[in-house]
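Going by my numbering, the sequence shown opens with residue 3, and the numbers climb by one from there.
Worksheet: one structure, shown below.
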Amino acid sequence: MSAKVFLITPPFTQLNTPYPATAYLKGFLNTKGISSFQADLGIEVTLALFSKKGLEELFAFIKGNAQELSENAQRILALADDYILTIDAVINFLQGHNPTLAHLICKRNYLPEASRFAQHDDLNWAFGNMGIQDKAKHLATMYLEDLSDIIMECVDPHFGFSRYAERLGRSANSFDELYDSLLQEYTYIDQITINLLKERMEMLQPQMVALSVPFPGNLYASFRCAQWIKQHYPAVKVVMGGGFANTELRSLSDARVFEFYDFITLDDGEAPIENLLQYIDGNKTVEELKRTFLLQDSKVTYINNQACTDYKQGQVGTPDYSDFWLDRYVSAIEVANPMHSLWSDGRWNKLTMAHGCYWGKCTFCDISLDYIARYEPLTAQILCDRMEQIIAQTGETGFHFVDEAAPPALMRELALEIIRRKLVVSWWTNIRFEKSFTRDLCMLLRASGCIAVSGGLEVASDRLLQLIQKGITVAQVARVNKHFTEAGIMVHAYLMYGFPTQTAQETIDSMEMVRQMFQAGILQSAFWHQFAMTAHSPVGLEPAKFGVTKQTEAIGSFANNDIVHVDTAADHDSFGYGLKKSLHNYMHAACFDHPLHKWFDFKVPKTTVAPDYIINALNEDEYAGMKPNAKVIYLGKPPKLETFIKSKKGNQWEVASLTFQGKTETLEIKTDKEQGAWLAAMLEKLSINNIKAYTLQEVKADYEAAGLEDFELFWDNKPVNGLYKFGLLRL
Ligand code: SF4
């Protein structure tokens, strides 16, 4: 088998699912008839290492290298045979192939246990209501983490499950340290990576190798791969692209980088790669390259042919997941955080609803860069076409839409299209917690298979949310979260502390808001991040406007994005531990009554937030009245209509009874005979399967045309206003 282009994700990204960048490019190259092959070297290295043979070699290597070992490493080494004996079964289990092993794992005398198990003093508490499969996955994850600890201690300090040598890639203003590491002998992990790369190169004999580097934790390994290719296949062109290059390498000037790479491209890869291939084939001049760095006359040069435009999202083809080892990904479970569990557990097909962010205003975000700034949504039809193709290819029906912030109107259209096509899928995505997520929209999303959303609550303070230009308020987020939660969609919030000018008071108040949201049951998962200033955000571009000063300028010759800054408003670092510890407890519905100051070992101000702030905000959630243009749809089954005679004090009249069968409950409502007959007929017209969509105004006109009176009284009161639970929605 040969391929013109070899697309590589270098070690390591996620273990449970492939990173989608190369699948996007492969899908695009398919549309051009260009042959390609893709490999996720991360999962391949992991599986080579965590196998019977891999561990035998690993332990032999450690034993052969006389060195002083920690007590933990000594214990793991003493239990080496147990690890060797169990590893294939554990990996097989985490790949979803042998679920019954869960029982054995949960007995706690099957897997060897080292320090990761000891760190969890109360595992039963941490497990909460987890089922046996999840418990076993988590225990198996800790077992792998123990092994990762001994690898880091004895074999390769750079090792980490979803990253490798991340420190070398993180804000490396200068290339010096990375360059020095690349001149050293191969590490243990390098050797495994290179062996796999060698095999693939021999098989494929490509003309071009394109390495996607999404994160700092893939950078070093990508250079190692590029270095080996340059040494052994000097005629093959090597190119880097991906999120790391897009954000960090925009002002690259260090010529040594091109001892490893021939080209580095920025932003969307489709047009740049196509131009490069034509250039390599002699069909384009160097001036025609798009967003590409290369070395010309020993100088790093950036060429961007403006005449060449990017492909529209509808033209780039369906991501192609072939070549990946789809049935061999490993589902690990991180117990602390429900959203992180979703992230690391299970195989998710990745897609985006739109390129860029429809909001594009947040002042901490890279809004000046293409991946945020250029907003271009797909249509619901194209998205569903792609979903169907990917399901046919991968056999998986779970989708993670990796949007920066999925647009609510498109989410609605997508949900309707999924339901119309009767696709059985589950999906989750990032959103902005904005007002348009009404009760009924959330019900619709749930009906289409949406299981979770994550969004930035950032600093839960209205002053700072305004400074961030997030376009939301804390009360609004609370109400939106209630809609999601009541619809059965899990909500995860990204929380931030240390935004410029944030005071200690505001940090404590923000923590109190978060506490109240968990206590009210409208938030299930969250994570605190400390604010980081990046070069391409409004704060990084104009720090004085936000009351802070830069300590470092991002002007190195290599990676440039993170900027160290000085903020005199508070000592933000000191809050990290208490915020995270309290959150961990709130996520387990514990310690809601623990006074906030007790989470910190230094004096902090008392909160100024009223203890019922969030509850009051939720109580203000008046259901939006009658918007005449709102579309009305009915997702449920036709109700059974019966009429019967009611009599009271000698009077008799006819009454209609409508019985609705929901998936988990039955509802019977009674109305006047005429109103009941009209409602049953109307629900048929409102069915999602009909081509005509009705507005509320049209529903009212239909009601009045039937000679009935007082539409609002009928429609917006019990029992009809409770039918949203059975799929009568206003969108
Ligand atoms: S932070 Fe999110 S919502 Fe705000 S501009 Fe960036 S991507 Fe958009």
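Quick reminder that beta carbons are idealized off the backbone N, C-alpha and C, glycines included.
Any idea what DSSP makes of Ala546, helix, strand or coil?
Here Ala546 sits in helix by DSSP.
What number of angstroms, rounded off, separates the C-alpha of Ala592 from the C-alpha of Tyr377?
Approximately 41 Å, taken between the alpha carbons.
Residues of its chain near Lys28, where Cβ-Cβ distance is below 7 Å and the 5 sequence neighbours each way are ignored:
Closer than 7 Å at the Cβ level, and outside the excluded window around Lys28, lie Leu9, Ser38, Gln40, Asp322.
Could you tell me the alpha carbon to alpha carbon distance between Asp42 and Leu585, rounded to whole angstroms?
Approximately 34 Å, taken between the alpha carbons.
Rounded to a whole number of angstroms, what is the C-alpha to C-alpha distance between His574 and Lys605?
C-alpha separation (whole angstroms): 14 Å.
Can you tell me which residues form a DSSP beta bridge with Val493?
Paired residue(s): Val455.
Straight-line Cα distance separating Phe217 from Gly271
The C-alpha of Phe217 is placed about 16 Å away from the C-alpha of Gly271.
DSSP beta-bridge partners for Gly245?
According to DSSP, Gly245 bridges with nothing at all.
Could you compute how far the alpha carbon of Ser255 sits from the alpha carbon of Ala247?
Distance between the alpha carbons of Ser255 and Ala247: 13 Å.
Indicate the three-state DSSP secondary structure (helix, strand or coil) for Gly66 in the structure shown.
Looking at Gly66 - three-state DSSP - the assignment turns out to be helix.
Using the Cα positions of Gln507 and Ala462, report the straight-line distance between them to the nearest angstrom.
Approximately 12 Å, taken between the alpha carbons.
Does the distance between the C-beta of Arg376 and the nearest non-hydrogen atom of ligand 1 fall short of 7 Å?
No, since every heavy atom of ligand 1 falls outside the 7 Å radius drawn around the Cβ of Arg376.
Quick one: is Ile196 buried, meaning 16 or more other Cβ sit within 10 Å of its Cβ, or exposed?
Burial call: buried.
Since Val241 and Ile231 are thought to touch, with beta carbons under 8 Å apart, how far apart are those beta carbons, to the nearest angstrom?
That belief does not hold up - the Cβ atoms of Val241 and Ile231 are roughly 11 Å apart, past 8 Å.
What do you reckon, are the CB atoms on Phe326 and Pro20 nearer than 8 Å?
A contact, by the Cβ cut-off of 8 Å.
The stretch 333-350 in contact with the stretch 137-149 per 3-pair CB rule at 8 Å
Touching, yes, given that three or more Cβ pairs across the two stretches are closer than 8 Å.
Residues sharing a beta bridge with Ile734, DSSP
With the chain covering only 3 through 733, there is no way to say anything about residue 734.
Since Gly245 and Thr267 are thought to touch, with beta carbons under 8 Å apart, how far apart are those beta carbons, to the nearest angstrom?
Taking C-beta atoms under 8 Å as the contact rule, Gly245 and Thr267 fail to qualify, at a distance of about 12 Å.
Would you say the beta carbon of Trp430 comes nearer than 7 Å to a heavy atom of ligand 1?
Relative to ligand 1, the beta carbon of Trp430 is positioned no closer than 7 Å to any heavy atom.
Measuring straight from C-alpha to C-alpha, what distance separates Glu261 and Gln229?
So the alpha carbons of these two residues sit roughly 8 Å apart.
Report, in whole angstroms, the separation of the C-beta atoms of Thr320 and Ile392, which I expect to be a contact under 8 Å.
Thr320 to Ile392, Cβ: 7 Å. Contact.
Considering only residues of the stretch 124-210, which uninterrupted alpha helix (DSSP H) runs meet the minimum length of 4 residues and lie entirely inside it, listed in chain order?
With a minimum length of 4 residues, the continuous alpha helix (DSSP H) runs that stay inside the stretch 124-210 are 125-129, 134-156, 168-171, 178-185, 190-206.
Return the first residue and the last residue of the beta strand (DSSP E) that Asn653 is part of.
Counting along the chain, the beta strand (DSSP E) containing Asn653 begins and ends at 653-663.
What's the gap between the Cα of Asn18 and the Cα of Gln193?
Approximately 23 Å, taken between the alpha carbons.
By the DSSP assignment, the beta strand (DSSP E) with Tyr2 in it spans what residues?
Nothing can be reported for residue 2: it is not among the residues displayed for the chain, which extend from 3 to 733.
By DSSP, does Ala356 sit in helix, in strand, or in coil?
In this structure, Ala356 counts as strand in the three-state DSSP scheme.
For ligand 1, I want to know if Phe407 counts as a neighbour, meaning its beta carbon is within less than 7 Å of at least one of the ligand's heavy atoms.
Before going on, a small fix: residue 407 reads as Ala here, not Phe. Flag set: Cβ of Ala407 near ligand 1.
Beta carbon proximity, Asn618 to chain C, threshold 8 Å:
You won't find chain C in this structure, because it holds only one protein chain.
Run through the DSSP bridge pairs and tell me what Gly400 is partnered with.
Paired residue(s): Ser428.
Using alpha carbons as the reference points, say which of Val516, Phe520, Val541 lies closest to Leu471.
The identity of residue 471 in the sequence shown is Gln, whereas the question assumes Leu. For the residues Val516, Phe520, Val541, the minimum Cα distance to Gln471 belongs to Val541.
Whole angstroms are fine: how far does the CA of Glu406 sit from the CA of Leu416?
Looking at the two C-alpha atoms, the distance is approximately 17 Å.
If contact is defined by three or more beta carbon pairs under 8 Å, each pair taking one atom from either stretch, is the stretch 346-355 in contact with the stretch 104-120?
In short, these stretches do not touch, since the Cβ pair count stays below three.
What did DSSP end up calling Glu436 once you bin it into helix, strand or coil?
The answer is coil: DSSP assigns Glu436 none of H, G, I, E or B.
Can you give the Cα-Cα distance for Asn631 and Tyr304, rounded to whole angstroms?
Distance between the alpha carbons of Asn631 and Tyr304 is about 51 Å.
Report yes if the C-beta of Lys437 is less than 7 Å from at least one heavy atom of ligand 1; otherwise report no.
Not under cutoff, so the answer is no.
Can you find the residues in the same chain that come closer than 6 Å, C-beta to C-beta, to Ile64, ignoring five residues on each side of it along the sequence?
Only Cys156 meet the Cβ criterion.
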